[in-house]
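Input: a single structure, listed below in structure tokens.
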Amino acid sequence: MSDESDRPTQSDVTSAELLGAVKGFLMESVLPAVAGRDQFNTRVAANVLGIIEREQALSPALQALDREAAQRWLPEQASTEELPQQLARALAKRDIPVDPDFMAYLKARQLVLIAINNPRYASRAVAEARWG
Amino acid sequence: MTPETLAQHLDDNLTALLSGSLAGRKVSELSRLSGGANNETWRLNWGDTPLILRRRPFSADSVANLEGNILGLSLVDEAEVIRLATATEVPVPAIHAVFDADHPIGEAFLMGFIPGESIPQRWLTDDAFETARANLAYQCGEALAGIHAIDRRKLPDKIGPTTLDNRFAAAQKRLHAFGDISPAMQFGLNWLIDNAPDNTPCVLLHGDFRTGNLLVNEKGLAGVLDWELTHQGPAEEDLGYLCANVWRFGHLDKPVGGFGHYDDLIAGYAAIAGWAPELRTIRYWEIFAALSWGLVCQTMGALWHSGNGDVERAAVARRRSEAELDILLLIDEWEDT
Chain A
27 MSDESDRPTQ
37 SDVTSAELLG
47 AVKGFLMESV
57 LPAVAGRDQF
67 NTRVAANVLG
77 IIEREQALSP
87 ALQALDREAA
97 QRWLPEQAST
107 EELPQQLARA
117 LAKRDIPVDP
127 DFMAYLKARQ
137 LVLIAINNPR
147 YASRAVAEAR
157 WG
Chain B
188 MTPETLAQHL
198 DDNLTALLSG
208 SLAGRKVSEL
218 SRLSGGANNE
228 TWRLNWGDTP
238 LILRRRPFSA
248 DSVANLEGNI
258 LGLSLVDEAE
268 VIRLATATEV
278 PVPAIHAVFD
288 ADHPIGEAFL
298 MGFIPGESIP
308 QRWLTDDAFE
318 TARANLAYQC
328 GEALAGIHAI
338 DRRKLPDKIG
348 PTTLDNRFAA
358 AQKRLHAFGD
368 ISPAMQFGLN
378 WLIDNAPDNT
388 PCVLLHGDFR
398 TGNLLVNEKG
408 LAGVLDWELT
418 HQGPAEEDLG
428 YLCANVWRFG
438 HLDKPVGGFG
448 HYDDLIAGYA
458 AIAGWAPELR
468 TIRYWEIFAA
478 LSWGLVCQTM
488 GALWHSGNGD
498 VERAAVARRR
508 SEAELDILLL
518 IDEWEDT
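Quick note, the sequences are listed as chains A and B, same order. Counting with my numbering, you get residues 27 to 158 for the letters of the first sequence. Counting with my numbering, you get residues 188 to 524 for the letters of the second sequence.
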């Protein structure tokens with residue numbers, strides 16, 4: 027007990043906790059008070075907060091994958107800014123050899139993106155089993 | 188437009204328009220149905236007759252820079268195609284009135300209300316629809332064959348024949364217009380170009396024939412809705428679209444729309460059309476459908492940025508990840524077989 031009493035009382039609130047608080051407000055206070063389209067959009071809004079929460083947690087992994095890819099397939103490139111655009115444009119010009127290594131990168135990248143944007147999407151489990 | 192204003196405009200116009208067909212003097216119980224990220228759908232009563240109003244809430248000019256057919260036909264043309272389908276065995280509602288973009292109501296049409304369930308989460312799992320689900324893949328095959336047999340010479344001018352090369356060029360143009368943000372979608376388009384089927388004669392396609400746009404009753408298919416993506420293309424495109432992962436609503440083990448199996452769909456189609464589509468060609472179009480879904484998600488994001496739409500439309504832009512995942516997964520599976 028004495029250990030706990032020495033511990034400072036938590037006074038800051040992280041962005042993840044703020045998101046959780048807003049989500050709770052939407053689902054517990056707003057949802058029962060609205061109807062029709064607003065009810066539907068309240069659920070959508072709560073879901074959007076989940077996307078933001080997961081993106082905060084997972085974007086470092088995405089950036090690491092993209093940095094590695096930039097070094098390998100876009101050696102001229104100084105930064106990873108707009109890397110997806112540069113890869114897409116190089117693919118459109120058929121400038122990147124679509125070999126197993128490149129496919130492995132696209133798949134790994136996509137597993138992160140689906141984990142952010144819709145982790146419950148049914149194809150994700152199939153893809154995880156094949157590539158994970 | 189507020190529901191009150193819309194109801195007033197309808198009251199002002201429907202008495203004259205419907206005097207020969209439907210009794211009534213006043214609109215009642217006007218309410219917007221949820222869902223539908225592109226056009227609004229309203230339910231209303233005219234006298235004792237339940238009706239459905241489809242209405243485009245923004246002017247076509249505001250999104251003119253987006254081009255292409257993903258935004259869909261004008262509602263005037265959509266109503267015309269539904270009228271053509273009425274003459275076939277395909278279950279569609281009667282069209283009662285059509286309003287062009289200059290009308291105070293806005294671009295819209297009024298049609299009959301067909302009883303049935305459209306919400307996939309209900310009819311895909313509820314026991315009451317068990318018989319319906321067992322019949323539905325075959326019935327969808329029959330309905331698609333019926334749509335594909337509609338005389339193309341009667342179509343509105345906007346729905347012209349096209350080639351796969353034109354489709355690929357249009358998709359490339361859109362990917363570019365949307366900023367080339369997706370390597371996975373570009374990879375998918377490249378693959379679709381490299382693996383395109385050879386012989387692709389055009390028929391009239393529904394273009395959005397899928398779970399979510401079907402009305403289902405306890406016996407099966409009661410109505411085919413949402414004709415705004417109607418276009419011409421190869422028959423297998425509609426079948427593959429119905430089987431796309433994104434429209435299985437989580438039931439990946441039931442390839443036809445999350446409720447049925449390929450054999451039944453193909454058998455129903457062959458019974459009306461007299462020929463059986465190849466499964467591998469259908470699967471090619473499932474991949475094309477994944478790319479199309481990705482482009483729809485991008486279109487929704489672009490529409491939202493142009494000031495049209497609510498939080499749902501903004502959120503749909505993120506569902507592009509589903510399309511990208513399916514492109515990679517389906518191509519991976521294809522190359523195993």
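Note that the Cβ used here is the ideal one computed from N, Cα and C, for glycine as well. Since this is a predicted model, take the numbers as computed values, not measurements.
Listed by chain order, chain A residues near Val-443/B by CB distance under 8 Å: Taking the second sequence and counting its residues from 1, the one referred to as residue 443/B is at position 256. In chain order: nothing, as chain A lies at least about 15 Å away.
Would Lys-133/A count as contacting chain B if we go by Cβ distances under 7 Å? Against the first sequence, residue 133/A aligns to sequence position 107. Yes, Lys-133/A counts as interfacial toward chain B.
As a quick exercise: from His-393/B, Gln-308/B, Glu-304/B, Pro-348/B, pick the residue whose alpha carbon is nearest that of Glu-267/B. Taking the first residue of the second sequence as 1, we reach residue 267/B at position 80. Checked all of His-393/B, Gln-308/B, Glu-304/B, Pro-348/B; the closest Cα to Glu-267/B is His-393/B.
In chain A, what lies closer than 8 Å to Arg-506/B by C-beta? In the second sequence, the residue the question calls residue 506/B occupies position 319. Under the 8 Å cutoff, chain A gives Asn-143, Asn-144.
Test: Leu-113/A CB closer than 7 Å to a CB of chain B: Within the first sequence, numbered from 1, the residue matching residue 113/A stands at position 87. True, the Cβ-Cβ gap to chain B drops below 7 Å.
Exposed or buried, Ser-31/A, counting other C-beta atoms within 10 Å across all chains shown (16 or more means buried)? Counted from its first residue, the first sequence places residue 31/A at position 5. Burial call: exposed.
Three-state secondary structure (DSSP) at Ala-409/B? One-based indexing of the second sequence puts residue 409/B at position 222. In the displayed model, Ala-409/B falls within a strand according to three-state DSSP.
Leu-297/B bridges to which residues according to DSSP? Start at 1 with the first residue of the second sequence, and residue 297/B comes out as number 110. According to DSSP, which records beta bridges pairwise, Leu-297/B is partnered with Leu-240/B, Ala-284/B.
Just how far apart, CA to CA, sit Leu-271/B and Ile-337/B? If you number the second sequence from 1, residue 271/B lands on position 84. If you number the second sequence from 1, residue 337/B lands on position 150. Going by the C-alpha atoms only, they are around 7 Å apart.
Check whether chain B comes within 7 Å of Ile-140/A, counting only Cβ atoms and requiring the distance to be less than that. For the purposes of this step, residue 140/A is identified with residue 114 of the first sequence, where counting begins at 1. Closer than 7 Å to some Cβ of chain B, the Cβ of Ile-140/A qualifies, so yes.
Can you confirm whether Arg-230/B, when its beta carbon is compared against all beta carbons of chain A, has any partner nearer than 7 Å? To locate residue 230/B, count along the second sequence from 1; it is residue 43. No, Arg-230/B lies away from the interface with chain A (no Cβ there is under 7 Å from its Cβ).
Below 7 Å CB to CB, which residues in the same chain sit around Val-60/A once its five sequence neighbours on both sides are set aside? Here residue 60/A refers to the residue found at position 34 of the first sequence. Correct list, in chain order: Thr-68.
Under 8 Å by Cβ, that's how I've got Ser-99/A and Ile-78/A pegged, so tell me the actual separation to the nearest angstrom. Along the first sequence, read from residue 1 onward, the residue named residue 99/A stands at position 73. Along the first sequence, read from residue 1 onward, the residue named residue 78/A stands at position 52. The sequence given here has Trp at residue 99/A, not Ser. That pair is no contact at about 30 Å.
Mapping DSSP to helix, strand and coil, what is Glu-227/B? Counting from 1 along the second sequence, the entry for residue 227/B is found at position 40. Glu-227/B: strand per DSSP, three-state reduction.
Comparing alpha-carbon positions, which option in Leu-512/B, Thr-189/B, Ala-504/B, Ile-514/B lies nearest Val-70/A? Residue 70/A sits at position 44 when you count from the first residue of the first sequence. Of all alpha-carbon atoms in Leu-512/B, Thr-189/B, Ala-504/B, Ile-514/B, the one lying nearest the alpha-carbon of Val-70/A is that of Ala-504/B.
Residue environment, Glu-499/B, which counts as buried when at least 16 other CB atoms sit within 10 Å: Here residue 499/B corresponds to residue number 312 of the second sequence, with the count starting at 1. Buried: at least 16 other Cβ atoms inside 10 Å.
Which residue marks the beginning of the alpha helix (DSSP H) containing Gln-419/B, and which one marks its end? Mapped onto the second sequence, residue 419/B falls at position 232. Gln-419/B -> not in any alpha helix (DSSP H); beta strand (DSSP E) instead, spanning 418-420.
Whole beta strand (DSSP E) elements within the region 397-477 of chain B, 3-residue minimum: 401-404, 407-411, 418-420
Buried or exposed for Leu-44/A, please, with buried defined as at least 16 other CB atoms from any protein chain shown within 10 angstroms of its CB. Sequence index remark: in the first sequence, residue 44/A carries index 18 (1-based). Under this definition Leu-44/A is an exposed residue.
Asp-450/B versus Ile-306/B - alpha carbon distance: Working through the second sequence from its first residue, we reach residue 450/B at position 263. Working through the second sequence from its first residue, we reach residue 306/B at position 119. Each residue's alpha carbon lies about 25 Å from the other.
Just the C-alpha distance for Glu-509/B and Ser-149/A, rounded to the nearest angstrom, thanks. Within the second sequence, residue 509/B is the residue found at index 322, counting from 1. Within the first sequence, residue 149/A is the residue found at index 123, counting from 1. In a straight line, the C-alpha of Glu-509/B is about 8 Å away from that of Ser-149/A.
What does Val-498/B touch in chain A if you count any residue whose Cβ is under 8 Å from its own? Against the second sequence, residue 498/B aligns to sequence position 311. Within chain A, the residues near Val-498/B are Asn-67, Val-70, Ala-71, Val-74.
Answer yes or no: does any C-beta atom of chain B fall closer than 7 Å to that of Ala-148/A? As a position in the first sequence, residue 148/A is number 122, starting the count at 1. Judged by the 7 Å Cβ criterion, Ala-148/A is in contact with chain B.
Assess contact between the region 293-313 of chain B and the region 436-444 of chain B, defined as three or more Cβ pairs (one per stretch) separated by less than 8 Å. Is contact present? Enough Cβ pairs lie closer than 8 Å, so yes.
Listed from N- to C-terminal order along the chain, which residues in the region 49-66 of chain A have their beta-carbon within a distance smaller than 9 Å of any beta-carbon of chain B? Only Gly-62, Arg-63, Gln-65, Phe-66 from the region 49-66 of chain A bring a Cβ to less than 9 Å from some Cβ of chain B.
Is there a Cβ of chain D sitting closer than 7 Å to that of Asn-322/B, yes or no? Going by chain labels, chain D is absent from the structure shown, which instead holds the protein chains A and B.
What is the DSSP secondary structure of Leu-113/A, counted as helix, strand or coil? Taking the first residue of the first sequence as position 1, residue 113/A is located at position 87. In the structure shown, Leu-113/A sits in a helix (DSSP, three-state: H, G or I).
So, are the CB atoms of Glu-81/A and Ile-142/A less than 7 Å apart? As a working note, residue 81/A is residue 55 in the first sequence. As a working note, residue 142/A is residue 116 in the first sequence. Contact flag set, yes.
Minimum C-alpha distance to Thr-526/B - residue among Gly-375/B, Leu-217/B, Phe-446/B, Ala-330/B: Nothing about residue 526/B can be read from this structure; chain B reaches only from 188 to 524.
Closer than 8 Å at the beta carbon, the chain A residues around Gly-447/B: Position 260 of the second sequence, counting from 1, holds the residue named residue 447/B. Ordered by position in chain A, no residue passes the 8 Å Cβ test against Gly-447/B, which lies about 16 Å from the chain.
Within this structure, are the beta carbons of Ala-371/B and Leu-515/B separated by less than 7 Å? Residue 371/B sits at position 184 when you count from the first residue of the second sequence. Residue 515/B sits at position 328 when you count from the first residue of the second sequence. Result yes, Cβ atoms of Ala-371/B and Leu-515/B sit closer than 7 Å.
The alpha helix (DSSP H) that contains Val-138/A, what's its start and end? By 1-based counting over the first sequence, the position of residue 138/A is 112. Residues 126-143.
Limits of the beta strand (DSSP E) - the one that Glu-216/B falls within: Translated into positions along the second sequence, residue 216/B becomes position 29. 214-219 is the extent of the beta strand (DSSP E) around Glu-216/B.
Gly-255/B versus Ala-295/B: straight-line alpha-carbon distance, rounded: Numbered from 1 along the second sequence, position 68 holds the residue referred to as residue 255/B. Numbered from 1 along the second sequence, position 108 holds the residue referred to as residue 295/B. Low confidence applies here, because Gly-255/B scores a pLDDT of 45, under 50, leaving its location unreliable and the question unanswered by this model.
What's the C-alpha gap between Ser-208/B and Ile-269/B? As a working mapping, residue 208/B is identified with position 21 in the second sequence. As a working mapping, residue 269/B is identified with position 82 in the second sequence. Cα-Cα distance, rounded: 18 Å.
Would Val-39/A be called buried (16 or more neighbouring beta carbons within 10 Å of its own) or exposed? If you number the first sequence from 1, residue 39/A lands on position 13. By the 10 Å Cβ count, Val-39/A comes out exposed.
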